[in-house]
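Quick notes on the structure that follows.
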Amino acid sequence: MQAFKGRFVFPETGAVEEGYLWVEAGRVREFAKAPPSGAEVVALEGYAVPGLIDAHVHLSFSGGADPVREMEEEPPATTVVRAAGYLRGYLEAGITALRDLGSRDGLAVGLARAVEQGLLPGPRIVAAGRFLTPTGGHGHRHGVEADGPDAVRRAAREELKRGARAIKLMATGGVMTPGLPAGVPMFEEAELAAGVAEAKKRRFPAAAHAQGLEGIKNALRAGVTTVEHGAFDGWDAEALQLFHQQSALLVPTLAAPDGILRGAGEVPAFMVEKTRGIAERHRANLLEAYRKGVAVAAGTDAGTPLNPHPNLARELWLLAEVGLEPADVLRAATLYAARALGQEGALGTFTPGAWADLAVLEGNPLADPGAYARVAATYLAGRRVA
Ligand SMILES: [Zn+2]
Numbered sequence: 017m018q019a020f021k022g023r024f025v026f027p028e029t030g031a032v033e034e035g036y037l038w039v040e041a042g043r044v045r046e047f048a049k050a051p052p053s054g055a056e057v058v059a060l061e062g063y064a065v066p067g068l069i070d071a072h073v074h075l076s077f078s079g080g081a082d083p084v085r086e087m088e089e090e091p092p093a094t095t096v097v098r099a100a101g102y103l104r105g106y107l108e109a110g111i112t113a114l115r116d117l118g119s120r121d122g123l124a125v126g127l128a129r130a131v132e133q134g135l136l137p138g139p140r141i142v143a144a145g146r147f148l149t150p151t152g153g154h155g156h157r158h159g160v161e162a163d164g165p166d167a168v169r170r171a172a173r174e175e176l177k178r179g180a181r182a183i184k185l186m187a188t189g190g191v192m193t194p195g196l197p198a199g200v201p202m203f204e205e206a207e208l209a210a211g212v213a214e215a216k217k218r219r220f221p222a223a224a225h226a227q228g229l230e231g232i233k234n235a236l237r238a239g240v241t242t243v244e245h246g247a248f249d250g251w252d253a254e255a256l257q258l259f260h261q262q263s264a265l266l267v268p269t270l271a272a273p274d275g276i277l278r279g280a281g282e283v284p285a286f287m288v289e290k291t292r293g294i295a296e297r298h299r300a301n302l303l304e305a306y307r308k309g310v311a312v313a314a315g316t317d318a319g320t321p322l323n324p325h326p327n328l329a330r331e332l333w334l335l336a337e338v339g340l341e342p343a344d345v346l347r348a349a350t351l352y353a354a355r356a357l358g359q360e361g362a363l364g365t366f367t368p369g370a371w372a373d374l375a376v377l378e379g380n381p382l383a384d385p386g387a388y389a390r391v392a393a394t395y396l397a398g399r400r401v402a
């Protein structure tokens with residue numbers, strides 16, 4: 017048995033408590049005021065939070081000004097090596113788990129396996145493989161095109177067969193596909209439902225890229241786990257009610273428009289143009305959904321223009337800036353992000369049975385949303401990894 021001694025920030029209560037986190041076989045046994053007898057005690061400086069989780073990244077994109085072009089111009093093996101190179105940075109940033117929502121040839125599935133096998137150090141990876149999209153839909157150049165529920169079902173099964181542990185579906189157009197308005201519906205409800213059903217059979221999460229209201233409602237009715245990006249044309253009562261009914265999470269990915277707008281002049285002009293048209297509404301809509309009780313999970317969309325690996329500290333800063341309370345910012349990157357990965361109870365919490373993944377921050381994140389940018393140490397299953 018081992019024990020960590022220090023100040024722990026509990027996402028469930030939003031409280032800081034001093035004490036000992038008992039760890040056995042890499043998992044939390046309990047939190048107590050004294051260590052177990054004979055335990056090896058590790059004293060932590062600063063504030064320990066459950067290992068941080070980024071619920072939306074793209075490891076095959078570089079976060080450069082034009083990542084899609086960059087990837088298309090390099091051999092696939094280079095993309096794999098480049099993507100593997102980001103993993104150490106995630107650990108150093110206190111990020112112990114991430115969800116990849118669409119990679120070149122599904123390479124993130126292979127990286128997930130390599131980390132599990134101990135071939136390279138990295139955070140736990142839940143990978144969606146390739147994203148699923150209708151013919152000509154958002155991301156079609158690097159996803160799998162499928163039309164009609166049968167084809168979507170088959171495509172989802174194919175990704176699962178290749179080792180995916182999440183399914184990514186395009187419910188609307190997006191910023192990074194030229195000539196396609198961001199908000200226009202893509203997959204229909206029945207197509208989305210077919211993909212979601214395959215994920216749910218395996219208890220894996222289903223994520224929908226969804227930016228317009230109609231597409232968001234299609235995705236929610238289909239039962240997705242997470243709505244990625246969120247409304248750019250306002251909510252209606254039905255959409256907000258669907259979030260509650262389905263216990264769906266909103267992953268606003270504020271770091272994505274943030275990067276594109278800061279990169280104006282470098283980033284392809286059509287992306288900047290589209291983002292300018294929607295960025296302000298995006299933030300207002302996030303705040304409205306949050307105030308109406310929608311659970312918000314943290315995901316960066318890292319890899320998109322000027323949105324580097326890792327960028328979760330920036331996302332958390334932006335969530336606080338929009339108006340999330342400090343405890344909800346912490347929940348976004350722990351409790352709720354764990355749910356987005358289909359890992360509720362196992363990750364993002366200090367409750368007994370959870371993996372002993374920890375990020376030790378120099379400052380108190382409940383007092384300073386910038387604290388996530390200063391990580392003193394990272395532990396995975398009780399072992400120091402950064
Ligand atoms: Zn994305």
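Numbering (our numbering), first residue to last: 17 to 402.
Ideal Cβ placement from N, Cα and C applies to all residues, glycine included.
Give the range of the beta strand (DSSP E) segment to which residue i is assigned.
{"i": "W420", "result": "Because the chain is modelled from 17 through 402, residue 420 falls outside the range shown and cannot be assessed."}
{"i": "M287", "result": "Per DSSP, M287 belongs to no beta strand (DSSP E); it is in the alpha helix (DSSP H), 285-292."}
{"i": "L114", "result": "111-116"}
{"i": "H245", "result": "242-245"}
{"i": "L265", "result": "265-267"}
{"i": "V411", "result": "The structure shown has nothing for residue 411, since the chain only spans 17 to 402."}
For residue i and residue j, I'd like the C-alpha separation in whole angstroms.
{"i": "D252", "j": "H260", "result": "13 Å"}
{"i": "G361", "j": "T241", "result": "16 Å"}
{"i": "Y36", "j": "G199", "result": "49 Å"}
{"i": "L328", "j": "G315", "result": "7 Å"}
{"i": "W371", "j": "G195", "result": "44 Å"}
{"i": "P321", "j": "E88", "result": "15 Å"}
{"i": "G110", "j": "A356", "result": "18 Å"}
{"i": "G190", "j": "E254", "result": "23 Å"}
{"i": "R43", "j": "E86", "result": "40 Å"}
{"i": "P24", "j": "E161", "result": "For the record, residue 24 in the displayed sequence is Phe; it is not Pro. Spanning the two alpha carbons is a distance of roughly 46 Å."}
{"i": "S78", "j": "A59", "result": "37 Å"}
{"i": "T94", "j": "L123", "result": "11 Å"}
{"i": "L377", "j": "L136", "result": "24 Å"}
{"i": "R104", "j": "L396", "result": "13 Å"}
{"i": "A215", "j": "S263", "result": "16 Å"}
{"i": "R98", "j": "S119", "result": "12 Å"}
Count the other C-beta atoms from every protein chain shown that fall within 10 angstroms of the C-beta of residue i, then say buried if there are 16 or more, exposed otherwise.
{"i": "R129", "result": "exposed"}
{"i": "G54", "result": "exposed"}
{"i": "A285", "result": "exposed"}
{"i": "G319", "result": "buried"}
{"i": "L68", "result": "buried"}
{"i": "M17", "result": "exposed"}
{"i": "Q257", "result": "exposed"}
{"i": "E132", "result": "exposed"}
{"i": "A383", "result": "exposed"}
{"i": "R347", "result": "buried"}
{"i": "T151", "result": "exposed"}
{"i": "T29", "result": "exposed"}
{"i": "T394", "result": "buried"}
{"i": "E207", "result": "buried"}
{"i": "G211", "result": "buried"}
{"i": "D57", "result": "Looking at the sequence shown, residue 57 is not Asp but Val. Label assigned to V57: exposed."}
{"i": "R400", "result": "exposed"}
{"i": "E244", "result": "buried"}
Tell me the residue span of the alpha helix (DSSP H) that contains residue i.
{"i": "L303", "result": "295-307"}
{"i": "T94", "result": "92-101"}
{"i": "R237", "result": "229-238"}
{"i": "L258", "result": "253-262"}
{"i": "M87", "result": "83-88"}
{"i": "A209", "result": "205-217"}
Can residue i be considered in contact with ligand 3, in the sense that its beta carbon sits closer than 7 Å to one or more heavy atoms?
{"i": "G101", "result": "Among the ligands present in this structure, namely ligand 1, ligand 3 is not found."}
message: Run the Cβ filter for me: residues under 6 Å from any heavy atom of ligand 1, listed in the order they occur in the chain.
response: Listed by position in the chain, the residues whose beta carbon lies within less than 6 Å of some heavy atom of ligand 1 are H72, H74, L117, D317.
- request: Let me know the beta strand (DSSP E) ranges lying completely inside the region 35-79, each 3 residues or longer, listed in chain order.
  value: Runs of the beta strand (DSSP E) inside the region 35-79: 43-48, 56-66, 68-73.
task: With a floor of 3 residues, list each beta strand (DSSP E) that falls wholly inside the region 357-398, ordered by position along the chain.
output: For the region 357-398, whole beta strand (DSSP E) runs of length 3 or above, ordered along the chain, are 374-377, 391-396.
field: Continuous beta strand (DSSP E) assignments of at least 3 residues falling wholly in the region 103-183
entry: For the region 103-183, whole beta strand (DSSP E) runs of length 3 or above, ordered along the chain, are 111-116, 140-143.
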